[in-house]
Amino acid sequence: MNKKGDIIVIENNQRDKNLFIEVFKELGFSNKIAYFKSGKEAYNTIIKNKVNPFLIFSDIVLLQMEDHKLIDRTYKNVSKELNCPYMFFTTAVAQSFIIDAYSNPTKSYFVKPYNYEKFKNTIKSIIEYWLKAEKMTHHIDKKVLKIETSD
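Residue 39 in the UniProt record's numbering sits at position 39 of the sequence shown, and the numbers go up by one each step.
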């Protein structure tokens, strides 16, 4: 995982994009934030420019049908090639969205809080979690335990 990589936001709602902009500005993480209006645009940029992002936030409700196919391909690239968590961040709470979100690896599903502070704290928690998760690999104890069995 490239913790210094870009944070990708796929959001075609200008109000929600502005919310992300304000939250990331306030939180002050050093990662570059890249915004895209569609999954197709994000996918093409990631692949063409060989971007190795840290995280991807994507609104699932506003994606067009064509984007769903491209996003599905992005999942495979994210999980196998980019080693990058992919988060659906949306206002919709529908069981089908949740099932679809968890049917592919390296993704999570979050409901956008309507309260600014809750929204900011959710984003902060997600980023801090993934920063910490990557660091945890350095603390794994590699001792092999000998298990004795009695015959």
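Glycine included, every Cβ here is placed at the ideal spot set by N, Cα and C.
Tell me whether residue i is buried or exposed, calling it buried when 16 or more other Cβ atoms sit within 10 Å of its Cβ.
i	result
A42	buried
E117	exposed
A133	exposed
Taking the Cβ atom as the reference point for each residue, do residue i and residue j lie within a distance shorter than 8 Å?
i	j	result
I123	V23	yes
F20	D59	no
M87	F110	yes
Would you grab the beta carbon distance between residue i and residue j for me? Rounded to a whole angstrom, and I think it's under 8 Å.
i	j	result
F36	I8	7 Å
N2	F54	6 Å
S38	N13	Actually they are not in contact, since the Cβ atoms of S38 and N13 sit about 12 Å apart, beyond 8 Å.
Residues in its own chain within less than 8 Å of residue i by CB, not counting five upstream and five downstream?
i	result
T45	A34, F36 and V51
K17	V9, E11 and Y35
E26	K120
What does residue i pair with, by DSSP beta-bridge criteria?
i	result
residue 164	Summary: the structure shown does not reach residue 164, with the chain confined to residues 1 through 151, and so no result is reported for it.
A34	I8
F110	F89
Grab me the residues of residue i's own chain with a C-beta within less than 6 Å of its C-beta, minus the 5 sequence neighbours each way, in chain order.
i	result
L131	K3
N83	M1
I10	F36, G39, A42 and S58
I47	none
Please go through the same chain and pick out, in chain order, the residues whose beta-carbon is closer than 7 Å to the beta-carbon of residue i, but skip the five residues on each side of it.
i	result
I32	Going by the sequence as given, residue 32 is Lys instead of Ile. The answer, listed in chain order, is D6.
P113	F119 and T122
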